[in-house]
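Protein chains: 2
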Amino acid sequence: MIFRQLFDAESSTYTYLVADETTGQAALIDPVLEQVERDLELVRELGLTLTHVLETHVHADHVTASGALRERTGCTVVGAEKGAGCADVHVKHGDVVRVGGLEVKVLATPGHTDDSVSYLLGDRAFTGDALLVRSCGRTDFQNGDARQLYDSITRVLFALPDGTFVYPAHDYKGRTVTTIGEEKRHNPRLVGKDAQAFVQLMESLGLPKPKKLDIAVPANRACGQLPATLAV
Amino acid sequence: MIFRQLFDAESSTYTYLVADETTGQAALIDPVLEQVERDLELVRELGLTLTHVLETHVHADHVTASGALRERTGCTVVGAEKGAGCADVHVKHGDVVRVGGLEVKVLATPGHTDDSVSYLLGDRAFTGDALLVRSCGRTDFQNGDARQLYDSITRVLFALPDGTFVYPAHDYKGRTVTTIGEEKRHNPRLVGKDAQAFVQLMESLGLPKPKKLDIAVPANRACGQLPATLAV
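These protein sequence lines map, in sequence, to chains A and B.
First residue of the first sequence? That's 251 in this note's numbering, and the numbers climb one at a time after it.
First residue of the second sequence? That's 251 in this note's numbering, and the numbers climb one at a time after it.
Printed below as a string of structure tokens:
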């Protein structure tokens, strides 16, 4: 299996390339519009065929490359049932997406947004904004729900083996990966907190609105292809 | 083995944590002064003991954390023979540094600077600024020598198996890793170029001086502990 982690510095977003070496089929998880050329160049240089884009959720902090990549490559865009209507395939908990010989299992992990899913591939979990390194996604817009996120993290993600690698959609301190075991022991938003304490914490964060929220969310519901009225 | 890649956004520097799970002994490769707290926190949370800092060369673009880490942990600072005088151990081509049960092999890869080494650990090569993703380090200061870098890349690094992962000291486009095989096929500074053409290319780059050159180089010769006359 080929695995690459890629970073968009402007939005601090991680994109992941996963590919089956035997068939050459590849998927990009959470690609960023501004990085289309970089990502397609890597796919080409590695001799791969992009067959899928997997979205962990409708993002509020960057515009997805899914629509642009679909136009360029004919790939299939995969999102959650409650996610972007423009996706070709809508997945739910327990579904499996096949990328060549790779089996990517879908885990419903709502709470950051109501459409958030994680993708499990072997011992790697791509958790989007549900679980971050020593943190988690905010829950104060896009039908976010702190109580739901608590359950997603503690009942779904923390049920994975401790050695599972957690590859998040973002990190703001240069950390690239963590594990389920590490987050159980050291995530300050979760350690020693029951659901109520977690909800209180999330409600007290007082975070500023993401800069790109008003553009990114409608754009991402259209797979990153901005409606004419919103394009700048 | 525990392996973590860490990023310093200001200088686009990658730091690597490698550790032997059995003994808990750990090394940081190319740590950055501003990230000391982050890196020590990770070492602590993973239950490790920092025994070594490995420097690939005297850096010109950021200040090393080696001295600060040595003060805080008593770790051994390892650099090349022609590198920083402040290092506790000076290594040369063919030497092996033992971090717990891990054997880190030293490869002399001068050319970016005259003290540049790469560290080989299993199928991972930490190449510093000698070999970057689709690029290589500049050769126009610190006794850089393009002809020497050509030999380091083509005779030393390209002699490693094609599947060897190349973990560079920097990337400016969010790419985190490459392989020897990929760089042989796709590195635009090397593909189809003999030594003479490579030297001509490197001499024509006309790059601006690194912002931190005048501070970083003397500081790094003192393991990041700035002489009083240079401290700001």
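For every residue, glycine included, the Cβ atom is placed at its ideal position computed from N, Cα and C.
Here the structure is a predicted model, which means the values were calculated and not measured.
Which residue's Cα is closest to the Cα of Glu295 (chain B): A:Lys459, A:Asn437, A:Gln475?
Taking the first residue of the second sequence as position 1, residue 295 (chain B) is located at position 45. For Glu295 (chain B), the nearest C-alpha among the options comes from A:Asn437.
Under 9 Å from the C-beta of Glu284 (chain B): neighbouring residues of chain A
The sequence position of residue 284 (chain B) within the second sequence is 34, counting from 1. In chain order: nothing, as chain A lies at least about 10 Å away.
CB-CB under 6 Å to Thr314 (chain A), same chain, minus the five flanking residues each way: which ones, in chain order?
In the first sequence, counting from the first residue as 1, residue 314 (chain A) sits at position 64. Counting only residues of its own chain and dropping the five nearest sequence neighbours on each side, Thr314 (chain A) has a CB closer than 6 Å to the CB of Asn470, Gly474.
What are the residues that DSSP puts in a beta bridge with Leu304 (chain B)?
As a first step, residue 304 (chain B) must be located in the second sequence, where it is residue number 54. Note: Leu304 (chain B) sits in a beta bridge opposite B:Ile279, B:Val328.
Does Glu432 (chain B) come out as helix, strand or coil in the three-state DSSP assignment?
Here residue 432 (chain B) is taken as the residue at index 182 of the second sequence, counted from 1. It is helical.
Looking at the unbroken beta strand (DSSP E) that takes in Phe415 (chain A), where does it start and where does it end?
For the purposes of this step, residue 415 (chain A) is taken as the residue at position 165 of the first sequence. 415 to 418 is the span of the beta strand (DSSP E), which, as asked, contains Phe415 (chain A).
Nearest to Gly413 (chain B) (by Cα), restricted to the options B:Glu271, B:Gly297, B:Ala318, B:Gly431:
Locating residue 413 (chain B) in the second sequence gives position 163, counting from the first residue. When only C-alpha atoms are compared, the closest one is B:Gly431.
So with Cβ pairs under 7 Å, would you call Val482 (chain A) a contact of chain B?
Along the first sequence, read from residue 1 onward, the residue named residue 482 (chain A) stands at position 232. For Val482 (chain A), the predicted structure reports a pLDDT of 48, less than 50, and the residue's modelled location is therefore unreliable. A value from the coordinates is still provided. Output row for Val482 (chain A): interface = no.
If contacts are defined as beta-carbon pairs under 8 Å, then Pro360 (chain B) and Gln398 (chain B) qualify, I think. What distance do you get, rounded to the angstrom?
Stepping through the second sequence from its first residue, residue 360 (chain B) is reached at position 110. Stepping through the second sequence from its first residue, residue 398 (chain B) is reached at position 148. That belief holds up - the Cβ atoms of Pro360 (chain B) and Gln398 (chain B) are roughly 5 Å apart, short of 8 Å.
Environment of Leu256 (chain B) [buried if 16+ CB atoms lie within 10 Å]
Sequence index remark: in the second sequence, residue 256 (chain B) carries index 6 (1-based). The residue is buried, with at least 16 neighbouring Cβ atoms inside 10 Å.
With 16 other CB atoms within 10 Å as the buried threshold, where does Pro411 (chain A) fall?
Within the first sequence, numbered from 1, the residue matching residue 411 (chain A) stands at position 161. Under this definition Pro411 (chain A) is an exposed residue.
Excluding the 5 residues flanking Asp395 (chain A) on each side, which residues of the same chain have their C-beta closer than 8 Å to its C-beta?
Taking the first sequence and counting its residues from 1, the one referred to as residue 395 (chain A) is at position 145. In the same chain as Asp395 (chain A), and ignoring 5 residues on each side of it, the C-beta atoms closer than 8 Å to its own belong to Pro360, Gly361, Asp364, Thr389, in chain order.
Does any residue of chain A have a CB that is nearer than 7 Å to the CB of Arg288 (chain B)?
To locate residue 288 (chain B), count along the second sequence from 1; it is residue 38. Judged by the 7 Å Cβ criterion, Arg288 (chain B) is in contact with chain A.
Collapsed DSSP secondary structure at Ala375 (chain A) in the structure displayed
Looking up residue 375 (chain A) in the first sequence gives position 125. Of the three classes helix, strand and coil, the one that applies to Ala375 (chain A) here is strand, per DSSP.
Start-to-end residues for the beta strand (DSSP E) that takes in Leu256 (chain B)
Counting from one through the second sequence, the residue named residue 256 (chain B) turns up at place 6. Segment 252 to 258, the beta strand (DSSP E) holding Leu256 (chain B).
Considering only C-alpha positions, which residue in the set A:His307, A:Arg322, A:Arg425, A:Val349 is nearest to His340 (chain A)?
In the first sequence, the residue the question calls residue 340 (chain A) occupies position 90. Minimum Cα distance to His340 (chain A) is reached at A:His307.
Using the DSSP secondary-structure output, state which residues sit across from Lys355 (chain B) in a beta bridge.
Your numbering for residue 355 (chain B) matches position 105 in the second sequence. Per DSSP, B:Val346, B:Leu370.
For the alpha helix (DSSP H) holding Leu463 (chain B), just list the boundary residues, first then last.
Here the question's residue 463 (chain B) lines up with position 213 in the second sequence. Segment 463 to 471, the alpha helix (DSSP H) holding Leu463 (chain B).
Any Cβ of chain A within less than 7 Å of the Cβ of Thr426 (chain B)?
Locating residue 426 (chain B) in the second sequence gives position 176, counting from the first residue. It does; some Cβ of chain A falls within 7 Å.
Quick one: list the residues of chain B neighbouring His436 (chain A), beta-carbon separation under 8 Å, in chain order.
Stepping through the first sequence from its first residue, residue 436 (chain A) is reached at position 186. Here the neighbours are Glu295.
Using a beta-carbon distance below 7 Å, is Leu382 (chain A) in contact with chain B?
Residue mapping note: residue 382 (chain A) aligns to position 132 of the first sequence, counting from 1. At a cut-off of 7 Å between beta carbons, Leu382 (chain A) makes no contact with chain B.
Would you please state the rounded distance, in angstroms, between the beta carbons of His302 (chain A) and Val328 (chain A)? I believe it to be under 8 Å.
Looking up residue 302 (chain A) in the first sequence gives position 52. Looking up residue 328 (chain A) in the first sequence gives position 78. Contact holds; Cβ gap of about 6 Å.
Taking the C-alpha atoms as reference points, what is the distance between His312 (chain A) and Pro460 (chain A)?
Position 62 of the first sequence, counted from the start, is the residue given in the question as residue 312 (chain A). Position 210 of the first sequence, counted from the start, is the residue given in the question as residue 460 (chain A). When rounded, the distance between both Cα atoms is 9 Å.
N-terminal and C-terminal residue of the alpha helix (DSSP H) that Tyr422 (chain B) is part of
Numbered from 1 along the second sequence, position 172 holds the residue referred to as residue 422 (chain B). Unbroken run through Tyr422 (chain B): none, as it is neither H nor E.
When the Cα of Tyr369 (chain B) is compared with those of B:Ser385, B:Cys386, B:Val406, which residue comes out closest?
The residue you call residue 369 (chain B) lines up with position 119 of the second sequence. Selected option, being the one with the closest Cα: B:Val406.
Rounded C-alpha distance that separates Tyr422 (chain B) from Asp464 (chain B)
Position 172 of the second sequence holds residue 422 (chain B). Position 214 of the second sequence holds residue 464 (chain B). One C-alpha to the other measures close to 22 Å.
Three-state secondary structure (DSSP) of Ser402 (chain A)
Residue 402 (chain A) sits at position 152 when you count from the first residue of the first sequence. Residue state, collapsed to three classes: helix.
Since Gly344 (chain B) contacts Val356 (chain B) with CB under 8 Å, what's their CB separation in whole angstroms?
For this step, residue 344 (chain B) is matched to residue 94 along the second sequence. For this step, residue 356 (chain B) is matched to residue 106 along the second sequence. Contact flag correct, Cβ pair sits at about 7 Å.
Of all the options A:Leu283, A:Arg348, A:Leu440, A:Phe448, which has the alpha carbon lying nearest to the alpha carbon of Val383 (chain A)?
Here residue 383 (chain A) refers to the residue found at position 133 of the first sequence. Looking at the Cα atoms, A:Leu440 is the closest of the given residues.
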